[in-house]
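Engineer: Numbering (the working numbering), first residue to last: 3 to 233.
Idealized CB from N, CA, C, for every residue including glycine.
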């Protein structure tokens, strides 16, 4: 059914929707490929064409934004069965944890702090949320985290290179608390790639998987699926 754009107000959180075609991976058979707003590296984001292409490419999940209508209705297009609800804010997830059994993901920005905590005068930053103490608290209301990959899992060095030896303990620390880890966002364009992975996005995707993550957001689901296959 068509949605009247005039009845939409600024959006809220994100949904991960639609369990796609299994890709029978061997090397990383449990890794989730999350189509970031569909296949937005190829088609305009948040369009049916983008969602459909990501599904055809074998993405496990599609991520469309969730928007709030003027009459306070939450709307997501094509909401198929397996769902994660995720947010950068803490208060929303804590409330949802008391209301639903749907899996929840705490997003962790690359800098700054959750808006709801910041506006309430709380000193907690996103960096704080990557520590074992805060991860233990997150595990009480969420099922996973979605951190910025190059901020908190594999920071680039001063030359813009991604070196495996610089991998942090975040993935292991999160797993120790029973949290899944789905970092964002893997893309193919050189402007988004580390200096030592220019023109090699597939190698970059594979390096990401080698850190032990449970899945990742990508604008390029075909490369994401390919990265899960044996080399």
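#1: If we count the other Cβ atoms within 10 Å of its Cβ and call it buried at 16 or more, is residue 92 buried or exposed?
#2: Please report the distance separating the alpha-carbon of residue 222 from that of residue 230.
#3: Classify residue 134 as helix, strand or coil using the three-state DSSP reduction.
#4: For the candidate residues 98, 44, 130, whose alpha-carbon lies nearest to that of residue 113?
#5: Got a sec, what are the start and stop residues for the alpha helix (DSSP H) residue 120 sits in?
#6: Helix, strand or coil for residue 23? Go by DSSP, reduced to three states.
#7: Report the option in 214, 136, 204 whose CA atom is closest to the CA atom of residue 170.
#8: Report the residue from 161, 191, 182, 188 whose alpha carbon sits nearest the alpha carbon of residue 198.
#9: Using DSSP with H/G/I as helix, E/B as strand and the rest coil, what is residue 126?
#10: With DSSP collapsed to three states, give me the class of residue 227.
#11: Determine whether the beta carbon atoms of residue 132 and residue 115 lie at a separation below 8 Å.
#12: Excluding the 5 residues preceding and the 5 following residue 59 in the sequence, name in chain order all residues of the same chain whose CB lies nearer than 7 Å to its CB.
#13: In the DSSP assignment, find the unbroken alpha helix (DSSP H) run with residue 210 in it and report its ends.
#14: Spell out the partners DSSP gives residue 108 in its beta bridges.
#15: From the DSSP output, in three-state form, read off residue 64 for me.
Structural biologist: Let me lay it out:
#1: Under this definition residue 92 is a buried residue.
#2: 13 Å
#3: Three-state result, residue 134: helix.
#4: 130
#5: 117-121
#6: In this prediction, residue 23 scores a pLDDT of 45, lower than 50, which makes its location untrustworthy; the coordinate-derived value is nonetheless stated afterwards. Correct three-state label for residue 23: coil.
#7: 214
#8: 161
#9: coil
#10: helix
#11: Not a contact, by the Cβ cut-off of 8 Å.
#12: Only residues of its own chain outside the window of five on either side were considered, and among them 41, 223, 224, 227 have a CB closer than 7 Å to the CB of residue 59, listed in chain order.
#13: 203-212
#14: 89, 147
#15: strand
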